[in-house]
Amino acid sequence: MITGKNYIGNQLSANGNKVFKTFNPLLNIENQWEITEASTDEVNQAVELAAEAFKTYSKISGVKKAEFLRAIAEEIETLGDELLEVYSSESGLPKGRAVGERGRTLGQLRAFADHIEEGNWVAASIDTAQPERKPLPKVDLRKMNVALGPVVVFGASNFPFAFSTAGGDTAAALAAGCPVIVKSHPMHAATGEMVSSAIIKAAEKTGMPNGVFSNLNSSGIEIGQALVQHSKVKAVGFTGSIRGGRALFDLAAKRKEPIPVFAEMGSVNPVVILPEALQKKYKTLAKTYSNSITMGAGQFCTNPGLIIGVKSEGLTNFVNALAEDIIKEEPSCMLHPNIIGAYETNKTAALSQKGLKVLAGYEDDVKVNHAKQVVTAVEGDIFLNNPTLHHEVFGPFSLVVQCDNINQLEQIISNLEGQLTGTIISDGNEIGKYTTVVNALQSRVGRIIFNGVPTGVEVCPSMLHGGPYPASTDSRFTAVGVDSIKRFVRPFSFQDWPNELLPEELKNENPLGISRLVNGKNSKDKI
Ligand code: NAP
30 MITGKNYIGN QLSANGNKVF KTFNPLLNIE NQWEITEAST DEVNQAVELA AEAFKTYSKI
90 SGVKKAEFLR AIAEEIETLG DELLEVYSSE SGLPKGRAVG ERGRTLGQLR AFADHIEEGN
150 WVAASIDTAQ PERKPLPKVD LRKMNVALGP VVVFGASNFP FAFSTAGGDT AAALAAGCPV
210 IVKSHPMHAA TGEMVSSAII KAAEKTGMPN GVFSNLNSSG IEIGQALVQH SKVKAVGFTG
270 SIRGGRALFD LAAKRKEPIP VFAEMGSVNP VVILPEALQK KYKTLAKTYS NSITMGAGQF
330 CTNPGLIIGV KSEGLTNFVN ALAEDIIKEE PSCMLHPNII GAYETNKTAA LSQKGLKVLA
390 GYEDDVKVNH AKQVVTAVEG DIFLNNPTLH HEVFGPFSLV VQCDNINQLE QIISNLEGQL
450 TGTIISDGNE IGKYTTVVNA LQSRVGRIIF NGVPTGVEVC PSMLHGGPYP ASTDSRFTAV
510 GVDSIKRFVR PFSFQDWPNE LLPEELKNEN PLGISRLVNG KNSKDKI
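Numbering (this note's numbering), first residue to last: 30 to 556.
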């Protein structure tokens, strides 16, 4: 049952007096549930409980935390079709997508469970003492990753499961040993409450401390601001707009004790099509890209918003084919009237830029809240000189940049802001001639794709979902895959500490049997 209340630790609570409703974009009506925004008291209670829970939760073994994460996955599954229906009614996303995204979310939780159960992630490093060393004896030093403290997670509008309540950030923080306070996304607050109920049940069943998880509703930015400014919050995970992510980053930096904000934000995901590929594969490429641009109404952070090539017969054929194909794609419903409103505003702003040509746009009537896709083109020098054209238009929109030559193409890449992904489309061995282009692209992105599309983010240890600013606020970390746990830990050293008082990971006996760096060599042996 959806109550519209907040979870302050294990308790449902609704002390605030501000209520709001979520919206069904397919039916163009408000959903029935009345959601109560968290009060200032509830914000403080959630953080105090999290800080108290941290004292025990951060010391719980990897095996016990893994039990908790697996129990969350089970409890989410138990919510069954009702959860999928609520998800669709708050996002307009179809059932197939809901099933797929739930599967991804459960997979993430279980992948983190395996990761922390195995235990190597703590990166244990031991340098044993050398009391006889001259001129000075060497001390015994043992280092490992430890949890940071309570983490605030901002739910993302475009992934109500996988990047929200029990999504990647929450799974990573809980796996690291950090209690989580979710600032629920106002567009899918009821989905958020249902998923939160699963987390709370799992916490109770596996004996986790009260406060290991809280879920706060809000319909404006104040709750998020208060959470980021709270002295007992130690890190933030965010997915959304550059404006929102940057505002929270700045707020965290201004605190008396600054804290890290790991924000995954905007990206236009440049796709570079090399000359021979344009000549030989333009038809297939146009089809593939018209599909990738419009998939999920373009509401993916990896949507291909920028396609770059050198002027040639191949490029002309490609833009013509793309123009033909794009209008054959069926428009889909966007997440919310605000998102479609932002799409229309940003699209209009881009289209009003001097030198921008519309190649093709969907012209027929569409159902309410459905987005009409557009592909556009611009000359290389105009693009270079107009930063507005470099900005993301979140939705089914893409811009083809027609360069005079390969030098201009390289210059354009080097002038781009940081991106989540870059793609190179090449035919045969032609890529060998363009190493400087590839190097330029590599310096602007977090992941480079060869002969594919940027949409689709595999969840696995080798994934890097992040990139130079503004793709993310810290390009050293990924927001997807088990390595994302590293955002919520800090390395910590024990010096000359008695063996029996050390954490299991660092004891001489190596009771967990993990891989450790001992005196500079990888080993699972006892010391
Ligand atoms: P958003 O506007 O950045 O909001 C994300 C979350 O951050 C919301 O919970 C929002 O709270 C909060 N927030 C935003 N600005 C804040 C501030 N100044 N202080 C405190 N909290 C703040 O993103 P969204 O709602 O997901 O979508 C809006 C737009 O973001 C889209 O149209 C799109 O342009 C972009 N977006 C990009 C990506 C991407 O991956 N590139 C993904 C999703 C969205 P409230 O909603 O309560 O105000």
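Ideal Cβ placement from N, Cα and C applies to all residues, glycine included.
Backbone CA spacing between S381 and I228 [nearest angstrom]:
47 Å
### For A153, the nearest candidate out of R275, S260 and F521 (CA to CA)
F521
**Prompt:** So A191 is in the alpha helix (DSSP H); what residue range does that whole segment cover?
**Reply:** Note, A191: premise wrong, no alpha helix (DSSP H); not H, not E.
Checklist entry - Where DSSP assigns a beta bridge to I64, which residues make up the other side? => result F49
Original post:
Where does the unbroken alpha helix (DSSP H) through Q258 begin, and where does it stop?
Top reply: E251 to Q258
Next item on the list: Could you tell me whether any non-hydrogen atom of the ligand NAP is closer than 8 Å to the CB of E71?
Entry: no
Member of A500, T484, N434 and K462 whose CA lies at the smallest distance from the CA of G475 = A500
Original post:
Residues bridged to Y36 by DSSP?
Top reply: L41 and N244
Problem set entry | Touch test, the region 60 to 79 against the region 122 to 142, Cβ-Cβ under 8 Å, three pairs minimum | no
Exercise for review: Could you tell me if the beta carbon of I250 falls within a distance shorter than 8 Å of some heavy atom in the ligand FMN?
Suggested key: Summarising the ligand content, the structure contains the ligand NAP and does not contain the ligand FMN.
Using beta-carbon positions only, say whether V115 and A219 come within less than 9 Å of one another. yes
Check your understanding: Okay, do the region 469 to 485 and the region 162 to 182 touch, 3+ Cβ pairs below 8 Å being the bar?
Key -> no
Label I252 either buried or exposed according to how many other C-beta atoms from any shown protein chain fall within 10 Å of its C-beta, with 16 as the threshold for buried. buried
**Asked** Is the closest heavy atom of the ligand NAP to the C-beta of T199 under 8 Å?
**Response** no
Next on the checklist: Could you tell me which whole alpha helix (DSSP H) segments of length 4 or greater appear in the region 106 to 179?
Outcome noted: 109 to 120 and 124 to 147
Taking the CB atoms as reference points, tell me whether G424 and A326 lie closer together than 9 Å. yes
task: Verify whether the separation of the beta carbon atoms of F296 and Q448 is less than 9 Å.
output: Before going further, note that residue 296 is Ser rather than Phe in the sequence given. In this structure, Q448 lies closer than 9 Å to S296 by Cβ.
request  = Give the DSSP bridge partners of R545, in chain order.
outcome  = S552
Requested in this report: Report the rounded CA-to-CA distance for G457 versus G338, giving the unit in angstroms.
Outcome: 17 Å
Can you pull the DSSP bridge partners for F267? F183 and A292
Alpha carbon of T317 to alpha carbon of D354, nearest angstrom: 9 Å
> Considering only the beta carbon of each residue, do G136 and A201 sit closer than 9 Å?
Replying inline: no
*Using three-state DSSP, classify A421 as helix, strand or coil.*
Before going on, a small fix: residue 421 reads as Glu here, not Ala. Here E421 sits in coil by DSSP.
| message | With a threshold of 8 Å, are at least 3 pairs of Cβ atoms found where one atom belongs to the region 285 to 300 and the other to the region 206 to 215? | response | no
Whole angstroms are fine: how far does the CA of G334 sit from the CA of E421? 7 Å
Own chain residues within Cβ distance below 6 Å of V429, not counting five before or after = I336, V348 and A406
query: Under a three-way DSSP split, which group does K396 fall into?
result: coil
(request) Please classify S341: does DSSP put it in a helix, a strand, or coil? (result) coil
message: Please identify the residue among S243, K309 and G184 whose C-alpha is closest to the C-alpha of I250.
response: G184
Reference A255; option with closest CA among G240, R272 and L277: L277
Verify whether the separation of the beta carbon atoms of K50 and E63 is less than 9 Å. yes
* To do: Please go through the same chain and pick out, in chain order, the residues whose beta-carbon is closer than 8 Å to the beta-carbon of E533, but skip the five residues on each side of it.
  => S90, P540 and L541
Just checking my contact of L470 with I453 at CB under 8 Å: how many whole Å lie between their CB atoms?
7 Å
* In this structure, does DSSP put L56 in helix, strand or coil? -> coil
Kindly list the residues whose CB is nearer than 6 Å to the CB of V180, restricted to its own chain and excluding five residues on each side of it in sequence; keep chain order.
-> A202, C207, V209, A264 and F517
In whole angstroms, what separates the C-alpha of D143 from that of E373?
44 Å
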